[in-house]
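A.B. asks: Protein chains in written order, with the numbering used here: chain A, 108 to 203; chain B, 108 to 203; chain C, 108 to 203; chain D, 108 to 203; chain E, 108 to 203; chain F, 108 to 203; chain G, 108 to 203. Encoded as structure tokens, here's the structure I'll be asking about.
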């Protein structure tokens, strides 16, 4: 994986909405418009830039399964695969 | 319950609008559009990120019954059950 | 009264627009669209969260009659009675 | 006068646009749409809340004749008389 | 001149767009829609309120000829004469 | 040149889009709608006002050729010549 | 290359969407509307201005291949070649 997100951004490998995830989250296809999605974090930035200029490391780690709003993240295609780049504040929760 | 919300977010199990809650809040179905809803907090984040980067722990605790605006929180489905993910600032009050 | 508002929110028992209040405020029904309303404060939050994370206690106290904009506060129904939840900054004045 | 405005708000007794004020400001009726109005300050709040939580006392004093934008202030009726509640930042100038 | 603007506001006596100003600025009538105007400062406020609550004195002085956007300032009429009340940040430049 | 811009503003003498600039920037007329323009800085303000009230001197100097967005700056006419007044943050780059 | 971007801006030489990049990012032409683009950084500003007025040097370096949103950056033409000027916050990730 060769994308290093900047600052408070993370790269997410989205999970198919129709597959039941390891944590049992299941979002039926018909119900999922405007619903958040889950995905696996594959790369994280160095941290959020505070007003002082210091970096605050992210809470989210590589390997976390995260729940995020469908609208914030940006879709990118790397080596033929779809990823999402999201700001950490667009991530709602970590699913364990 | 396997969802850990980030920072100042909480996970809420919504209560049916037509059931009379323990605290006696009753919102008739016909009057409830644009009205806040009640629910039970099942998981809370570590705290709100201040401008300094420090975390301020949330006031809301797991088990609290809360009153919140219908529009802020995001609906999620976990193991077939509906939950809401809200920022603490979208919670109006704790009902005791 | 079992609703504890969060932070800088207060719970208000609204006064009927057509009744003349103790302080003599009278807002005729025909003139009151887009006008502020009066009510009695029945519960207050712990204080406004400052940028530093500290809480600044509210000025408004339980028992105060307050004047507020009709549009900011949120209507809630508790034990069959109507209340309003407002941020203190939506309160225009205390009527004595 | 029984209204105590909160923080950086003031209560103003508006002057009729068609009367010539003491300071000689005259705004003809036909020219006054979208024009500011004048009024007399009858009550002031304790001060503007700074980011630190401290109060900065207002510059405007009870008795001042002030010039303000027609759109910011909120109309209220107390004991049958019309008043306006304005934030100090909506006041353009003090007329002496 | 009896208007004392508050904080970072200034009172400006506008110059006719069709007259050639002392500094040689000439804005032909047909070209002046959406163009800035010039005027003479006749009164200034005590200063801009900083986040700390301190006042920062204005740069603009009484007697300065200033160039400003037509849209920001508010028109007022004092003793039958037209003036403008502008925030200092709406002033583009001092013309010497 | 008799215009002294305030704070973080600069006065720019725009270059004709159809002339090839010294630095070789050429923007053909047909391609230039919504494109940035170049110009020469003829006057600069004293600096940007920081939150503390201090002035931070500008990076742009008199004589610099700058690239700027067409939409931010305001057109002014001085002694029959067209100039632009821009905030320094509307300047994209210095062309050397 | 003769463009020096100001502060937190960078100049990017965009890569053709239809060419497969060194890092294997391939965005087919039909899928690329509203998609981010890649490019090579050819010049960077001195740093982002913090609230204190200090400059925080950029993370992005000359030579980096970056992924950015199509909508933020501004297109410029220098010596007949197309470049983009972007704020660093508009850059999603560095591609290695």
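All C-beta atoms in this analysis are idealised placements derived from N, C-alpha and C, irrespective of residue type, glycine included.
#1: Which term fits residue 195 of chain A, buried or exposed, when burial requires 16 or more other beta carbons within 10 angstroms of its beta carbon?
#2: Going along chain C, which residues have a C-beta under 8 Å from residue 166 of chain B?
#3: Counting pairs of beta carbons, one from the segment 157-172 of chain F and one from the segment 162-171 of chain G, are three or more of them closer than 8 Å?
#4: Strictly under 8 Å for the Cβ-Cβ distance: is residue 199 of chain G near chain A by that measure?
#5: Considering Cα atoms alone, identify which of C/110, C/161, C/116, C/109 is closest to residue 180 of chain C.
#6: So, does the CB of residue 203 of chain C fall closer than 8 Å to a CB anywhere in chain D?
#7: Are residue 192 of chain A and residue 199 of chain G closer than 8 Å when you measure CB to CB?
#8: Hey, would you say residue 147 of chain A sits closer than 8 Å to residue 119 of chain A, going by beta carbons?
#9: Going along the chain, which residues of its own chain have a beta-carbon closer than 7 Å to the beta-carbon of residue 154 of chain F, five neighbours each way excluded?
#10: Could you tell me whether the Cβ of residue 161 of chain D comes closer than 8 Å to any Cβ of chain E?
#11: With 8 Å as the threshold, decide whether the Cβ of residue 176 of chain D is near any Cβ in chain E.
#12: With 8 Å as the threshold, decide whether the Cβ of residue 118 of chain E is near any Cβ in chain D.
#13: At what residues does the beta strand (DSSP E) containing residue 146 of chain F begin and finish?
#14: Going by beta carbon distance, what residues of the same chain come within less than 8 Å of residue 157 of chain A, once the five residues before and after it are set aside?
#15: Using only the alpha-carbon positions, how far apart do residue 178 of chain G and residue 197 of chain G sit?
#16: In whole angstroms, what is the alpha-carbon distance linking residue 183 of chain B and residue 175 of chain B?
#17: Could you tell me which chain B residues have their CB closer than 9 Å to the CB of residue 192 of chain C, listed as they occur along the chain?
#18: Comparing alpha-carbon positions, which option in F/123, F/202, F/185 lies nearest residue 145 of chain E?
#19: If contacts are defined as beta-carbon pairs under 8 Å, then residue 160 of chain B and residue 112 of chain B qualify, I think. What distance do you get, rounded to the angstrom?
#20: Residue 187 of chain F to residue 121 of chain E, Cα distance in whole Å?
#21: Apart from the five residues on each side of it in sequence, which residues of its chain come closer than 7 Å, Cβ to Cβ, to residue 143 of chain F?
#22: Is DSSP giving residue 182 of chain B helix, strand or coil here?
#23: Sort out for me which residues DSSP pairs residue 190 of chain E with in a bridge.
#24: With DSSP collapsed to three states, give me the class of residue 120 of chain D.
#25: Spatial neighbours of residue 189 of chain E within its chain, please: CB distance less than 7 Å, with the 5 preceding and 5 following residues excluded, ordered by chain position.
#26: Residue 201 of chain A to residue 123 of chain G, Cα distance in whole Å?
#27: Between residue 183 of chain B and chain A, is the shortest Cβ-Cβ distance under 8 Å, so that the two count as touching?
#28: Strictly by DSSP, which residues pair up with residue 199 of chain E?
#29: Go ahead and pull the three-state DSSP assignment for residue 174 of chain F.
#30: Give the range of the beta strand (DSSP E) segment to which residue 112 of chain C is assigned.
C.D. replies: Taking the structure as given:
#1: As a first step, residue 195 of chain A is located in the first chain; it is residue number 88 there, counting from the start. Per the 10 Å Cβ criterion, buried.
#2: Along the second chain, one-based indexing puts residue 166 of chain B at 59. In chain order: 113, 114, 153.
#3: no
#4: Position 92 of the seventh chain, counted from the first residue, corresponds to residue 199 of chain G. It does: the Cβ of residue 199 of chain G has a partner Cβ on chain A nearer than 8 Å.
#5: In the third chain, residue 180 of chain C corresponds to position 73, counting from 1. With distances taken between Cα atoms, residue 180 of chain C lies closest to C/116.
#6: Residue numbering aside, residue 203 of chain C sits at position 96 when the third chain is read from its first letter. Cβ-Cβ to chain D under 8 Å: yes for residue 203 of chain C.
#7: In the first chain, residue 192 of chain A corresponds to position 85, counting from 1. In the seventh chain, residue 199 of chain G corresponds to position 92, counting from 1. Cβ atoms of residue 192 of chain A and residue 199 of chain G: closer than 8 Å.
#8: Here residue 147 of chain A corresponds to residue number 40 of the first chain, with the count starting at 1. Here residue 119 of chain A corresponds to residue number 12 of the first chain, with the count starting at 1. In contact: residue 147 of chain A and residue 119 of chain A (Cβ atoms closer than 8 Å).
#9: Here residue 154 of chain F is taken as the residue at index 47 of the sixth chain, counted from 1. Cβ neighbours of residue 154 of chain F beyond the five flanking positions: 114, 115, 162, 163, 164, 165.
#10: Here residue 161 of chain D corresponds to residue number 54 of the fourth chain, with the count starting at 1. Interface residue, yes.
#11: Walking along the fourth chain from the start, residue 176 of chain D turns up at place 69. Closer than 8 Å: yes.
#12: Your numbering for residue 118 of chain E matches position 11 in the fifth chain. Yes, residue 118 of chain E counts as interfacial toward chain D.
#13: The residue labelled residue 146 of chain F in the question sits at position 39 within the sixth chain. Start and end: 144-151.
#14: Here residue 157 of chain A refers to the residue found at position 50 of the first chain. Contacts found: 163.
#15: Numbered from 1 along the seventh chain, position 71 holds the residue referred to as residue 178 of chain G. Numbered from 1 along the seventh chain, position 90 holds the residue referred to as residue 197 of chain G. Near 9 Å, if we compare the C-alpha coordinates of residue 197 of chain G and residue 178 of chain G.
#16: Translated into positions along the second chain, residue 183 of chain B becomes position 76. Translated into positions along the second chain, residue 175 of chain B becomes position 68. Answer to the nearest angstrom: the Cα atoms are 16 Å apart.
#17: As a first step, residue 192 of chain C is located in the third chain; it is residue number 85 there, counting from the start. By Cβ distance, chain B contributes 143, 174, 199, 200.
#18: Taking the first residue of the fifth chain as 1, we reach residue 145 of chain E at position 38. Comparing Cα positions, the closest option is F/185.
#19: Within the second chain, the letter at position 53 stands for residue 160 of chain B. Within the second chain, the letter at position 5 stands for residue 112 of chain B. Not quite, the Cβ-Cβ distance comes to about 19 Å (not below 8 Å), so this is no contact.
#20: In the sixth chain, counting from the first residue as 1, residue 187 of chain F sits at position 80. In the fifth chain, counting from the first residue as 1, residue 121 of chain E sits at position 14. In a straight line, the C-alpha of residue 187 of chain F is about 20 Å away from that of residue 121 of chain E.
#21: Your numbering for residue 143 of chain F matches position 36 in the sixth chain. These residues qualify, in order along the chain: 174, 175, 176, 177, 199.
#22: Against the second chain, residue 182 of chain B aligns to sequence position 75. Strand, per DSSP.
#23: Taking the fifth chain and counting its residues from 1, one reaches residue 190 of chain E at position 83. Paired residue(s): E/183.
#24: For this step, residue 120 of chain D is matched to residue 13 along the fourth chain. Correct three-state label for residue 120 of chain D: strand.
#25: Stepping through the fifth chain from its first residue, residue 189 of chain E is reached at position 82. Correct list, in chain order: 121, 182.
#26: On the first chain, residue 201 of chain A is found 94 positions in, with the first residue counted as 1. On the seventh chain, residue 123 of chain G is found 16 positions in, with the first residue counted as 1. Spanning the two alpha carbons is a distance of roughly 37 Å.
#27: Reading the second chain from its first residue, position 76 is the one you call residue 183 of chain B. It does; some Cβ of chain A falls within 8 Å.
#28: The residue labelled residue 199 of chain E in the question sits at position 92 within the fifth chain. None; residue 199 of chain E has no bridge partner.
#29: Looking up residue 174 of chain F in the sixth chain gives position 67. DSSP places residue 174 of chain F in strand when its eight states are reduced to three.
#30: What you label residue 112 of chain C is simply residue 5 of the third chain in a count that begins at 1. Counting along the chain, the beta strand (DSSP E) containing residue 112 of chain C begins and ends at 110-112.
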